[in-house]
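Protein chains in written order, with my numbering: chain Z, 1136 to 1489; chain U, 159 to 928; chain E, 3 to 241. Cβ atoms here follow ideal geometry from the backbone N, Cα and C, with glycine treated the same way. Down below is the structure, laid out as structure tokens.
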Amino acid sequence: MSGYDDDHAPQPWGPHDWHHGAPHNSFSPLFLSMGVAIFLFSLAQAWSYGTYTPGHIPTILLGLAVVGFSMIIWWRQDISFDGHYEPISTGVPFRGIQVRKVAVWVFLMSEMMVFTSLFSTYMRYRLGIENCGTVFERGLFDPVTNPTGWQEGVAVTCFEPASHLIASSWWHLAPGAINTFALILSSFTIVQALRYAKMPDLDDEVRRKKVYRYLGSTWILAILFLTLKMVEWFIGFYVPEISAIGLHEHDIVSLVSEGYTINADHYQHHSYVDEATGAHMVANIQVSASLFYVTTGTHGAHVAGGIIGLSYMTLKAWKGLYTPANAVSIEYFGLYWHFVDLVWVLVFPFFYLY
Amino acid sequence: MKRKTLITRSMVALILISVAMVVSPAVNSLPTGVGGTGIQTSGCNCHAAAPTATIDVTLDGLPDQYNSSETYTITVSFEGGPIESGVNSGGFNLWASGGEFTVIDATVQSRATAEVTHTEVGNDYRTWTMEWIAPSHGRNVDFILHVNSVNGDGSNSGDSWNRLDLSVVGSLGVGLDPADPFTVLATLIIISSVLLLITILYGFYRTNPEAFDWEHLAPWITEWLTSTDHKKIGTLYFIQGLFFLGIGGILAMMIRLQLAGPEMGFISQDQYNQFFTLHGTTMIFLAAMPLINGFANWIVPLQIGAPDLALPRINALSFWLQPFAALLIFTGVFSGQGADTGWTGYAPYVVSAGAHSGVTMWVAGQIMLVASSTLTGINFLTTMAVMRAEGMGWMQMPLFTWSILVANLMLFLSIPAFGIGLLQVYLDRTISTAFYDIAAGGDPLLWSHLFWYFGHPEVYVVIVPAFGVISEVLATSARRSIFGYRSMVYAMAGIGIVAFIVYGHHMFTSGMSPSLRFVTMLTTMLVAVPTGIKIFNWLKTMHGGSLVYRTHTLWALGFLVTFTLGGISGMFFPSIAMDTHLHETYFVVAHFHYVLVGGTVFGFFAAIYYWYPKMTGRMLDERLGTLHFLTAFVTYNGIFWPMHRLGVVGMPRRTHTYFITTDDFTNLPEWAADWNLFISVCAFLFFFSNFIMVFNMLISLARGQKAPADPWGGWSFEWMTSSPPPTPSFDWNNLPVLKDANEHIAHEPSVMGIWFNKLMVPEDNEEVNN
Amino acid sequence: MGLITPLFDDLWNEYVVWSALVGIFTFGWLYHHSYWYRSEEGESPNIDNLQVGVFPKEYDNLKLEITWIVAPFILIVYLTFISWAPLDNIWSAANAESGYFGDECADGETSNLIFNEDSGMYEADCYNVIEITGYQWYWEFDCLNLEEDICAVSTTQIEGSDRPLLSLKDDTAYFATMTSNDVTHAPWFVSFGIKEDVQPGMITSQWILADDVENFLLLCTEYCGDDHAYMIAGVSVHA
């Protein structure tokens, strides 16, 4: 395949003719950088030490819009990719493997370091700060008999794992459990999408339907994941009484409504009430809440990134543009998606169950 | 009180210090006159805690606007207070920020050139007269007058005092204060940017004078803004790197001006703190790493015989994240709210409200840089793993490519830890999470761990490519193969791995457990072994060779000197009983500047002189290059060599000033001030000497001799291409094949290789299984 | 009058000697080869037959390479070895069994800090405990219940402002338990060559071994904000 033809004008806004190799001009990187800078800048303007200054939402949205615009340029250049130019490695031990596949694996190595750092932080604080349950069990303070106890109204700094709230009942655990299954199922559907895209001797229309349905299912499952996460964090849900199937009424309150927030320096929980005197233990749980939201939030951000990629891929599949020649692109995403799933499989027990 | 004129104040301060050291730093008690630097800030608090407003203080005789060097007769007087007149009933201290007082009678004495007070005789008076000679500089002068109205009983009770501030406009006119350093910085940056723009436009004009119109300019600019070609991106990195090298240098000049003498008032503490923070961040992230990336982008694909990198658009993204990140990092500086945490940004200061609002932007910019570096790492590792030319196994890669491989491996595995730390700080400062909130149980050492887990591999990331450059340059200059290619590779790989376990040596005095400290001491010491191997291998390479002296050769030899010195000084730190003394002193500053400037920067100066002909098609002027080397090398050592001694005798780093031994307390010896001045002078000379290179680069671009494909006689693939190489660098259908002068057994993939391949490639992959 | 303390000076001198030797060796070799193997005017012989596109002939010598792996390694192990004891000394355990400074001094007991020339270590019969707290931007010393003669805190004028002054007794070992009220600081007892960070929310400690009669400045050596440079105190060691 030739390099750059003389009569080939660069198309920095897209679309791109892949018969000439990879795009050698693109406005996407410039706008993506600009958008990220605007976004981070506006976010820092809007919030300062927990104080929200209104009026910066338009600029935050502008940043996101510019990022979106840059992705559109990127995809405009990619959508015509039909497998014609897919460089294959020549170096040992990767000989014969697509270059981009190797790149995705290398990328995942760095992503591993991201989550390792978050888990490091978690380990440090989980092991270093005393568990609120342990503090509570020491009992009420008494200068003579129990000098290490807690006092009513005096906030004690301790580690309150989210599992104390989430793992307290099956209904509380439901969103997280459903999410786990949703992600695992989505890893399955993405593999199915790849399988059908690669399958030789398949009718084009059948292939198109199978691929876009499986990609679409992955997309729906990912959306479900984020939705349930928002329900769990902010919204809560209500289960009505249906005596016919023995279903009792439950009002599952969201984490935030329970007071499990990053600003919670006077956190109370019904289980931290001294039976004898009715005294409430008040706790400063900011560190544990910060850890929970930021770790699961970082994972959620990776799912959101996957959703953006999936949106593009589902659209491309719906147009019937996936064929055995370029099916490997689905595999690249699939690798990333499996990684996201794997991280969740680690995050879920450590942050939701333990 | 009006803001003081900073430069005049520094002159006066120096005079005052000399006088004050002779007289006494303390506030002298009356009736023999009052004075001392404390009085301007604390007032006459010997008499009473606060001034009494009923004391009516008058200072007559000063004009609204003075004429230069003119003499004015002025009178100090007051009314009010416990008694109307009598023995010991009054005292005063009059201080001016400029000009000179002349005593005309026995009631007044001079404490300093611009400070007067009463005498024992004058203590009985309530009005005093003296002369003031206006300064010649013509700038505004501020006066501070303190007046005591005392009841003369010899005790402090029943006394009162008051203060009067007055400003006299200078002969130059109203409102002419010396420029605020931030304004200077902003102006310098704007001027540099405009000059850069003009140079770029001029360059464009010169490529085709006929076609200097928008129709031709637009596609040219678009090409530069959107190109994914590794050569163009490499050039963009260069321009950014050199630009910020200059900005970082300007910041360094500000620092050195402030430190030229003890207790200079050139810039305020706050400004100084912001400048040294930005100096570090700029030099490491916006200058050193882009320069390295510039060469990596240009040379690595050429050396491995690849037409471009594995992921060209992502490569462009890696670059474009940098200028926008730089904008964020520098935000806040011009409003005086720039980051002032030091480039290491220790918690909890970094999340405290005391650190300026610019810290959040500084953190955000660095998050973008983390993304940029991660993507660069992925790109280069993939490229070097998969796109090597035929015949080029791992152990046939040129050493520069190997160095970029090791550097990127270290970089992209360590930088996410920094990114997470930054995210935590960013969130702490915006939505108020509690990662580093001490009251909530946050741990400041967590930041230290996350930061230095990245920070130590980072400094190896910037030096290892310089190692690669020196290997290339020395071998080619000596017209020999590099000595011990295999051990060079293993040494670099060894450094790359050990880098991750020694970061604790930055935290020896942070309260670590003793056993961890010992392990870190041992491993840090051991890093010297692979580094030593490399140095000895370079020296042996020259043995039996024929060393052709070009500018790049000079820089490579200079590197050997300065990097060895830096490495040796680094060996003092792991010995913890010495580290407890040397940590956070100028000894550290000397060490890391020897390895960073004497190592990385000198290595990349060598690279510039070595690869410039390849990249531009023009030869650089050798005489200017030699002049650059001589001036820069000598002045550089003048800056950083004395810092070793200064650190040992007690000069800490990141301090706005330093203290010379007085009669009461020992600290720095007298010569410390002289040597600091010497360092500052050398710093200026070094800064300007580098413009010789920039000048050389620019005129050579226009008028340099045309460069052949292989001006120096190197062997790697880049010397095969034309100067400059075409785009794409190699034709996909006609990639080069590396021959080998050594006889090797035909390369069969190892068992591991075969197994790995089976794992990664599905059986039904037709493309592969053909 | 040595550089800092005998402990530091011994190590420093040894390291400087070895550094000088390594430096002379390396630079001697460098200068010799730079001169001896320079090319003659116009000559540029292709000694190893370097050609573009050909990986050069291997040029190595296993014996030499092993030598300069092993020799530096031995030197480094030696330097680590001689650093071990001083490390153990300055981070001595605060008890008589495993430490060098005995237990905490009882009332009336003298510390008797000496520098043992033979072992090259400081030793004392007992030590006194003091507390140091770092604030933005000043130091606070607390002598606890120690006698005036052993430890005293007062104010003095340094560089035109009032600063805290810590008065210690010569030939006495002190154990400072330290913390910070806000951000990280680090008190550097310059003449003793010792510093340790003070961290908020944590207690750190260091040995202060007063072995010389002198007055010196205590400087802050962990950047802590605006007035970091001026966060100084006086230390006065009297006989």
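- Nearest CB-CB separation between methionine 447 of chain U and chain Z: not below the 9 Å threshold.
- If you draw a straight line from the Cα of isoleucine 818 of chain U to the Cα of proline 827 of chain U, it is about 6 Å long.
- Here DSSP, grouped into helix, strand and coil, assigns methionine 411 of chain U to helix.
- Considering only U/Glu901, U/Val807, U/Ala511, U/Pro771, the residue with the shortest C-alpha distance to serine 880 of chain U is U/Pro771.
- Close partners of tryptophan 14 of chain E in chain U (Cβ separation under 7 Å): Met736.
- The beta-carbon of histidine 614 of chain U is placed no less than 9 Å from the nearest beta-carbon of chain Z.
- Residues of the stretch 1172-1185 of chain Z whose Cβ lies closer than 7 Å to any Cβ of chain U, in chain order: Ala1172, Leu1175, Phe1176, Leu1178, Ala1179, Trp1182, Ser1183, Tyr1184, Gly1185.
- By the neighbour-count criterion, in which 16 or more other beta carbons inside 10 Å mark a residue as buried, tyrosine 37 of chain E falls on the exposed side.
- Counting C-beta pairs with one atom in each stretch, the stretch 567-580 of chain U and the stretch 400-411 of chain U have fewer than three that are closer than 8 Å, which means they do not touch.
- Residues of chain U with a Cβ closer than 9 Å to the Cβ of serine 121 of chain E do not exist, since the nearest Cβ in that chain sits about 14 Å away.
- Asparagine 431 of chain U and glycine 227 of chain E have their alpha carbons spaced roughly 8 Å apart.
- Considering only beta carbons, the part of the stretch 172-192 of chain E lying closer than 7 Å to chain U consists of Val185, Thr186, Ala188, Trp190, Val192, in chain order.
- Proline 189 of chain E sits in a strand when the DSSP states are folded into three classes.
- Proximity of the stretch 540-554 of chain U to the stretch 1202-1221 of chain Z falls short of the contact definition, fewer than three beta-carbon pairs being nearer than 8 Å.
- Neighbours of glutamine 432 of chain U across chain E, judged by C-beta separation under 9 Å, do not exist; the nearest C-beta is about 11 Å away.
- Cβ-Cβ separation between aspartate 172 of chain E and valine 239 of chain E: approximately 5 Å, consistent with a contact (criterion under 8 Å).
- In the DSSP assignment, glycine 136 of chain E is bridged to E/Trp141, E/Ser182.
- When U/Val806, U/Leu843, U/Lys692, U/Leu859 are compared, the shortest CA-CA separation from isoleucine 71 of chain E is found for U/Lys692.
- For cysteine 128 of chain E, the beta-bridge partners assigned by DSSP are E/Asp105.
- When 9 Å is used as the limit between beta carbons, tryptophan 478 of chain U is near these residues of chain Z: Pro1164, Leu1165, Phe1166, Leu1167, Ser1168, Met1169, in chain order.
- With fewer than 16 other beta carbons inside 10 angstroms of its own, tryptophan 372 of chain U counts as exposed.
- With contacts defined as CB atoms closer than 9 Å, histidine 802 of chain U and methionine 851 of chain U fail to qualify as a contacting pair.
- If you draw a 10 Å sphere on the C-beta of alanine 208 of chain U, you find fewer than 16 other C-beta atoms in it, and that means exposed.
- Approximately 5 Å separates the beta-carbon atoms of alanine 592 of chain U and valine 1422 of chain Z; this is inside 8 Å, confirming the contact.
- Counting only runs of at least 4 residues, the stretch 742-822 of chain U fully encloses the following alpha helix (DSSP H) elements, listed from N- to C-terminal order: 744-753, 760-774, 780-807.
- The beta-carbon of serine 590 of chain U is placed less than 9 Å from the nearest beta-carbon of chain Z.
- Of all alpha-carbon atoms in E/Ile134, E/Tyr17, E/Asp62, the one lying nearest the alpha-carbon of serine 85 of chain E is that of E/Tyr17.
- Counted as a single uninterrupted DSSP element, the alpha helix (DSSP H) harbouring threonine 380 of chain U occupies residues 372-384.
- Comparing C-alpha distances from leucine 782 of chain U to each of U/Glu742, U/Phe853, U/Ile837 shows the shortest one belongs to U/Phe853.
- Serine 21 of chain E belongs to the set of residues whose beta carbon lies under 9 Å from a beta carbon in chain U.
- Below 8 Å, too few C-beta pairs join the stretch 547-556 of chain U and the stretch 517-532 of chain U to call them touching: fewer than three.
- The beta carbons of valine 660 of chain U and threonine 681 of chain U sit closer together than 9 Å.
- Per DSSP, the unbroken alpha helix (DSSP H) holding tryptophan 20 of chain E starts and ends at 8-38.
- With its beta carbon less than 9 Å from one in chain U, valine 54 of chain E belongs to the interface.
- The beta-carbon of arginine 587 of chain U is placed less than 9 Å from the nearest beta-carbon of chain Z.
- DSSP, read as helix, strand or coil, puts glutamate 1410 of chain Z in coil.
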